[in-house]
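Step one of this worksheet: look at the structure below.
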Amino acid sequence: MSEFSLYNTLSRTVEPFRSISPKHVGMYVCGPTVYGPPHLGHVRGPVVFDVARRYLQHLGYTVRFVRNITDVGHLVGDADEGEDKLSKQAKVEQLEPMEIAQIYTDAYNRVMDAMNVQRPSIEPRATGHIIEQIEMIQAIIDKGLAYEVNGSVYFDVEAYNKQKVYGILSGRVVEELQAGAGNQSRQLEGQDEKKHSNDFALWKKATPEHIMQWTSPWGKGFPGWHIECSAMSAKYLGEEFDIHGGGMDLLFPHHECEIAQSTAAHNHQPARFWIHHNMITINGQKMAKSLNNGIMVEQLFNGDHPLLQQAFTPMTLRFFVLQAHYRGTLDFSNDALLASQKGWQRLQSAIAVLPSIKTTDNPTDDISEEWLLAQDLEDNILNSLNDDLNTPQVIANLFELSRRINLVNDGKAKITAETKVHFQKIWDSIALGILGLLPETANTNDSALSAAMEILLELRSKAKVDKNWTLSDQIRDALKSKGFEIKDGKEGSTWLIN
Ligand SMILES: [Zn+2]
Numbered sequence: 024m025s026e027f028s029l030y031n032t033l034s035r036t037v038e039p040f041r042s043i044s045p046k047h048v049g050m051y052v053c054g055p056t057v058y059g060p061p062h063l064g065h066v067r068g069p070v071v072f073d074v075a076r077r078y079l080q081h082l083g084y085t086v087r088f089v090r091n092i093t094d095v096g097h098l099v100g101d102a103d104e105g106e107d108k109l110s111k112q113a114k115v116e117q118l119e120p121m122e123i124a125q126i127y128t129d130a131y132n133r134v135m136d137a138m139n140v141q142r143p144s145i146e147p148r149a150t151g152h153i154i155e156q157i158e159m160i161q162a163i164i165d166k167g168l169a170y171e172v173n174g175s176v177y178f179d180v181e182a183y184n185k186q187k188v189y190g191i192l193s194g195r196v197v198e199e200l201q202a203g204a205g206n207q208s209r210q211l212e213g214q215d216e217k218k219h220s221n222d223f224a225l226w227k228k229a230t231p232e233h234i235m236q237w238t239s240p241w242g243k244g245f246p247g248w249h250i251e252c253s254a255m256s257a258k259y260l261g262e263e264f265d266i267h268g269g270g271m272d273l274l275f276p277h278h279e280c281e282i283a284q285s286t287a288a289h290n291h292q293p294a295r296f297w298i299h300h301n302m303i304t305i306n307g308q309k310m311a312k313s314l315n316n317g318i319m320v321e322q323l324f325n326g327d328h329p330l331l332q333q334a335f336t337p338m339t340l341r342f343f344v345l346q347a348h349y350r351g352t353l354d355f356s357n358d359a360l361l362a363s364q365k366g367w368q369r370l371q372s373a374i375a376v377l378p379s380i381k382t383t384d385n386p387t388d389d390i391s392e393e394w395l396l397a398q399d400l401e402d403n404i405l406n407s408l409n410d411d412l413n414t415p416q417v418i419a420n421l422f423e424l425s426r427r428i429n430l431v432n433d434g435k436a437k438i439t440a441e442t443k444v445h446f447q448k449i450w451d452s453i454a455l456g457i458l459g460l461l462p463e464t465a466n467t468n469d470s471a472l473s474a475a476m477e478i479l480l481e482l483r484s485k486a487k488v489d490k491n492w493t494l495s496d497q498i499r500d501a502l503k504s505k506g507f508e509i510k511d512g513k514e515g516s517t518w519l520i521n
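Just so we're aligned, residue 24 is where the sequence shown starts under the working numbering, counting upward by one.
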């Protein structure tokens, strides 16, 4: 069996994963800025890091998973100047900024719950950690790596770069950044406060239009966007922790700034592994406000969007995300989701018949050249997970599992009771446990419904024995009209809800 390995953006290689403390993993993932309803771009990261967390738990680690809520400091355009995204929305909706934060945090968590993403161990808010952020800014000033101007504090990239390397994560070089910035307009308000255009805000003096402001050693103001993650990860996971995750869109400047801040304050890097997932495109295009192609998750769940022909379930969306490797692009379209829906239903249909298939007592029956042992299937799956969380490969193996179950159900192969138990175990521990898929034929697990269906199916098989085809078809068709699919196999009939 291979070792669990992950692609580390910092080293640009796939490295074997080793935790800092035995059997414990500290994991920090950048969470949402809560100023609007969750959209398609919000779903990939949480699902990917949820699978990473579940797999670490499967491997026996206790995981402390911290995902923050950004409710202050993230300015429109991700810039150092301008309006706070939450304050802006608060004005639009005529609500308190904290009401906006609450409404959209709740909306985000409802979507995450529906998609079976485990809740974070800790979900800290930036506004709840102003003191920690001020302390960290002060520590950076004390090291001579930040400076105060007119009530704002900026990180001194040039001073830092003399001691350490700024750009270590993104591979960007300070001189090139400087040259690039020189071409851009320097007319932005506040730009002249900075010694260099690469410097970024740790604390901003509050102008009258900023509703959210706090007292600090530098006057009334609010924290910069990047400092919250450095301060909160250190508070809950320590100055050095195992995994820091986020989208590739956060790699620069957000994560680069986090590394610089934490290294300036603590003299070493905050995280051993930096894991970045790729983005979702829509029909081959980047999602952007200007293209007006954004899809809210709610619209996916109710089908109410011009690009959608129907509604899709949360598990279809989860399955769709996992069908691509997290570092590859993922293109969203109605057809792609339809294909995921079909695949996901195919897997569920196969697993639904597993409990009722008959087994053989002859152990040599289920081993032949083309009939591998269930153990091999499980090994393939675990090796795929170990190989930088290769979930598409895991799903390919689950399709192989379903193919084998269908072969047995069709009377073309046999399995022993032991193999049958092992098949079920693979499904339960891998598909449900690690991939976090929730059966959407969940009603088949409802015991009262199952008992009633058993009675109906028994009546139907009796009708068949009596050659009363009218009655047997009537039962099948009536059930079908209510969404029940009846499958007649060699070993009797099974059912599921579509
Ligand atoms: Zn962050």
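Backbone N, C-alpha and C define an ideal beta-carbon position, used for all residues, glycine too.
Since the structure is predicted, the reported quantities are computational estimates derived from the model, not experimental observations.
Quick one: what's got a C-beta closer than 7 Å to residue i's C-beta in the same chain, skipping five residues either side?
| i | result |
| --- | --- |
| I250 | Q156, M159, I160, L225, Q284 |
| T128 | V57, I92 |
| A347 | L353, P415 |
| Q112 | Y58, G59, I123 |
Over what stretch of residues does the beta strand (DSSP E) that includes residue i continue unbroken?
| i | result |
| --- | --- |
| M50 | 47-52 |
| N325 | Run containing N325: none in the beta strand (DSSP E); it sits in the alpha helix (DSSP H), 320-325. |
| I428 | Note, I428: premise wrong, no beta strand (DSSP E); alpha helix (DSSP H) at 414-432. |
| F27 | From DSSP, F27 is part of no beta strand (DSSP E); its letter is neither H nor E. |
| D511 | 507-512 |
| L331 | Here L331 belongs to no beta strand (DSSP E), and DSSP marks it neither H nor E. |
| Y170 | 169-172 |
Is it true that the CB of residue j sits closer than 8 Å to the CB of residue i?
| i | j | result |
| --- | --- | --- |
| V48 | V86 | yes |
| I92 | G54 | yes |
| L200 | N221 | yes |
| V320 | H62 | yes |
| I453 | I374 | no |
| M310 | D107 | no |
| L360 | F335 | yes |
| L424 | L400 | yes |
| G59 | G269 | no |
| N350 | H300 | One detail in the question is off: residue 350 reads as Arg in this sequence, not Asn. Taking 8 Å as the Cβ cut-off, R350 and H300 qualify as a contacting pair. |
How would you write the range of the alpha helix (DSSP H) that residue i sits in, first residue to last?
| i | result |
| --- | --- |
| H348 | Element bounds for H348: n/a, residue is neither H nor E. |
| G68 | 67-81 |
| D358 | 357-376 |
| P155 | Checking the sequence shown, residue 155 turns out to be Glu, not Pro. Here the alpha helix (DSSP H) through E155 covers 153-165. |
| Y177 | It is not in any alpha helix (DSSP H) - Y177 instead sits in the beta strand (DSSP E) that spans 175-178. |
| H289 | 279-289 |
| V134 | 120-137 |
Rounded to the nearest angstrom, what separates residue i and residue j at their Cα positions?
| i | j | result |
| --- | --- | --- |
| A486 | K505 | 21 Å |
| S110 | Q364 | 39 Å |
| N31 | F296 | 5 Å |
| P231 | T286 | 33 Å |
| D489 | T414 | 49 Å |
| L455 | V70 | 13 Å |
| F245 | N290 | 25 Å |
| D265 | G434 | 49 Å |
| A130 | I164 | 38 Å |
| K228 | A294 | 30 Å |
| P240 | G174 | 9 Å |
| D73 | T382 | 36 Å |
| Y177 | P276 | 14 Å |
| P120 | V95 | 9 Å |
| M338 | F324 | 10 Å |
| L472 | E508 | 14 Å |
| W367 | I449 | 16 Å |
| N316 | I305 | 7 Å |
| A149 | V134 | 21 Å |
| T442 | Q141 | 31 Å |
| N139 | L461 | 7 Å |
Skipping 5 residues on each side, what residues in its chain have a beta carbon closer than 8 Å to that of residue i?
| i | result |
| --- | --- |
| G515 | S379, L480, S484 |
| K152 | Inspection of the sequence shows that residue 152 is occupied by His rather than by Lys. Excluding positions up to five away in sequence, the list reads E251, A254, M255, K258. |
| K218 | Y170, Y177, D179, E181 |
| M271 | H299, H300, N301, M302 |
Verify the contact flag: residue i, CB atom, against every heavy atom of ligand 1, threshold strictly below 7 Å.
| i | result |
| --- | --- |
| E281 | yes |
| G64 | no |
| H97 | no |
| G459 | no |
| H277 | yes |
| G269 | yes |
Tell me which same chain residues have a C-beta within less than 6 Å of the C-beta of residue i, skipping the five on either side of it?
| i | result |
| --- | --- |
| A259 | Reading off the sequence, residue 259 comes out as Tyr, not Ala. If we look at Y259 and ignore the five residues flanking it on each side, its Cβ neighbours are V89, I145. |
| I126 | none |
| H267 | Y51, A294, W297 |
| R499 | I509 |
| H97 | T56, K108, W248 |
| E463 | T336, M338 |
Counting only C-beta atoms, is residue i closer than 8 Å to chain D at any point?
| i | result |
| --- | --- |
| N385 | The structure shown contains no chain D; it is built from a single protein chain. |
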